[in-house]
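Step one of this worksheet: look at the structure below.
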């Protein structure tokens with residue numbers, strides 16, 4: 005299933021098999037926001053923190069939880085936290101959202117060249133290599149879900165603006181539960 009690009013020009017791909025978010029590493033806290041009311045923060049020994057949003061809790065037969073995943077440890081932490089806090093039996097599906105950058109340049113022996121200045125076969129070869137890297141990256145997340153007997157699906161978004169791409173998905177997919185790993189360096193606590 006494919007969603008047409010919106011005005012923001014993100015490319016969305018959905019797959020039940022496989023298909024990047026760079027994050028800083030610092031100290032962390034775990035924050036949960038439920039029905040608009042922030043809960044007290046929980047100090048964590050780990051490097052990153054998580055945000056969880058349950059925007060409009062519904063009593064559907066199926067419970068969909070979206071987890072943004074990328075290359076950092078905080079993505080694994082976010083998925084593990086989601087599995088331990090949100091999974092309600094076999095009716096819950098975890099959707100892994102992976103944002104990867106648009107390809108503008110192709111590496112060559114002469115350096116990185118604009119995509120328009122290399123042959124179509126070079127572009128396709130490089131893109132196939134990148135798809136393989138994404139599959140390998142996402143397989144570990146799928147394995148975590150499989151080991152926990154959680155239904156999982158992946159969503160790929162091609163965009164240079166990670167946060168905006170994820171935010172743009174919220175109204176398109178009617179996302180009500182979103183978990184994102186993030187570094188603590190962006191937060192201040194009193």
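In the numbering used here, the protein residues as written are 5 to 194.
Even glycine gets a Cβ: it sits at the ideal position worked out from N, Cα and C.
Asked: Three-way DSSP call (helix, strand, coil) for residue 182 in this model; Found: strand
Asked: 7 Å Cβ shell around residue 154 - same chain, five flanking residues per side excluded; Found: 87, 91, 96 and 98
Asked: Reduced DSSP category for residue 155 - H, G, I as helix; E, B as strand; rest coil; Found: strand
Asked: Contact under 9 Å by Cβ, residue 145 with residue 94; Found: no
Asked: DSSP beta-bridge partners of residue 117; Found: 110
Asked: Buried or exposed by the 16-neighbour rule on C-beta atoms within 10 Å, applied to residue 182; Found: buried
Asked: Of the residues 122, 73, 68 and 85, the one placed nearest residue 107, counting alpha carbons only; Found: 122
Asked: Endpoints, the alpha helix (DSSP H) within which residue 87 is located; Found: 77-90
Asked: Residue 161 and residue 103 closer than 9 Å at C-beta; Found: yes
Asked: Distance, residue 127 Cα to residue 137 Cα; Found: 15 Å
Asked: Bridge partner(s) assigned by DSSP for residue 72; Found: 101 and 184
Asked: Bridge partner(s) assigned by DSSP for residue 67; Found: 96
Asked: Collapsed DSSP secondary structure at residue 122 in the structure displayed; Found: coil
Asked: Residue 52 (DSSP reduced to helix, strand or coil); Found: Since pLDDT at residue 52 reaches only 40, below the 50 mark, its modelled position is unreliable, and the value read off the structure follows with that caveat. Here residue 52 sits in strand by DSSP.
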